[in-house]
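What follows is a short report on a single structure.
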Amino acid sequence: MTRSVFRFLSRQPDPVEIANATHMLRLPKSTDYRQWYRLRSESRAFLEPWEPTWRADEMTESAFRTRVIRNEQEFGSGQAVPLFIISRADDQLIGGLTIGYIRRGAAQCCMIGYWMGERFAGQGHMAQAVKLAIPYIFSSLQLHRIEAACIPENHRSIRLLEKAGFQREGYLREYLKINGQWRDHLMFSLLAQTGMQHKNSSD
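Residue numbers for the sequence shown follow my numbering, so the first one is 246 and each next one is one higher.
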């Protein structure tokens, strides 16, 4: 019995690979550090206005490995699915998309957040990633509702969500502490039936 429990607790999460012809979403690996470090470092000024304040050890390899372990734990417990966005043409890391705050029970809901390396922004990569994530959330995770929040000045993110079929629901005052300041956010959502219909009509 003890051996069986130990085997369960030490079991690695099953791999997740969601892909189309051009892009793949998969769980981060420790071996991704160099690509991640290079992409995040060169994109720092581009990303900081939209993210929580970077910690002093944000870019260290030890912090990255700790993050990967935490990602695996959150995925294994059903709390989140943290994904890297990979360009399949050259196996290049270009950004990330996290399916987080997964709530079961009566809610059957999650929240998505995402980031894109500066040199890959504005080229449709994130639209492809969101398009891949939506059917995974509704079909594989069997959730009913996806939420996304963004700063009102982030017009690029707003256009992305609206194009993917999300609807604006409300205005959240000082919702998240971003880059050292409590910032208002717009709340968007996508429901399962609407999301799958939107996917089918855009295929």
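All C-beta atoms in this analysis are idealised placements derived from N, C-alpha and C, irrespective of residue type, glycine included.
Helix or strand or just coil, what does DSSP make of residue i?
i    : result
V313 : helix
L421 : strand
Q449 : Nothing in the structure corresponds to residue 449, since the chain is present only between 246 and 448.
V375 : helix
R349 : coil
T439 : helix
P397 : coil
A264 : strand
E414 : strand
E392 : strand
S255 : Note that S255 scores a pLDDT of 41, beneath 50, so its modelled location is shaky; the value from the coordinates is reported in the next line. Note: S255 maps to coil in three-state DSSP.
Cβ of residue i within 6 Å of any heavy atom in the ligand GDP?
i    : result
Y278 : Absence of the ligand GDP from the depicted structure is noted, as is the absence of any ligand whatsoever, leaving it without description.
Need the endpoints of the alpha helix (DSSP H) that residue i sits in, please.
i    : result
F433 : Not the alpha helix (DSSP H): F433 falls in the beta strand (DSSP E), residues 426-436.
L272 : First-last for L272: undefined, no H or E at that position.
L284 : 278-287
I403 : 400-408
I'd like to know whether the C-beta atoms of residue i and residue j end up nearer to each other than 7 Å.
i    : j    : result
R315 : S275 : no
P222 : F329 : What the structure shows of the chain is the stretch from 246 to 448, and residue 222 is not part of that stretch, so it cannot be assessed.
L435 : G415 : no
S307 : G362 : no
C355 : L406 : no
Find the nearest neighbour of residue i within the set the options, judged by alpha-carbon distance.
i    : options                : result
G341 : Q438, I403, Y282, Q426 : Y282
R418 : I344, W360, C395, L388 : C395
W295 : H268, E398, G367, C355 : E398
Q318 : G362, G369, P260       : P260
I331 : F291, L284, G345       : L284
T298 : L431, T439, N424       : N424
L377 : T343, I403, R404       : T343
R333 : L406, W360, H370       : H370
Y278 : R428, I263, V313       : V313
G367 : G345, R404, I347, L386 : R404
Y359 : I347, A290, A266, I339 : I339
Could you check how far apart the C-beta atoms of residue i and residue j are, in whole angstroms? I think they sit under 8 Å.
i    : j    : result
A393 : I357 : 5 Å
R413 : F433 : 6 Å
Q353 : R390 : 7 Å
The beta strand (DSSP E) that contains residue i, what's its start and end?
i    : result
W449 : For residue 449 there is no data in the structure shown, the boundaries of the chain being 246 and 448.
Y381 : Segment: none, Y381 is in no beta strand (DSSP E) and carries neither H nor E.
L328 : 326-332
R358 : The displayed chain sequence assigns Gly, not Arg, to residue 358. Taken as a continuous stretch (DSSP letters only), the beta strand (DSSP E) holding G358 covers 354-361.
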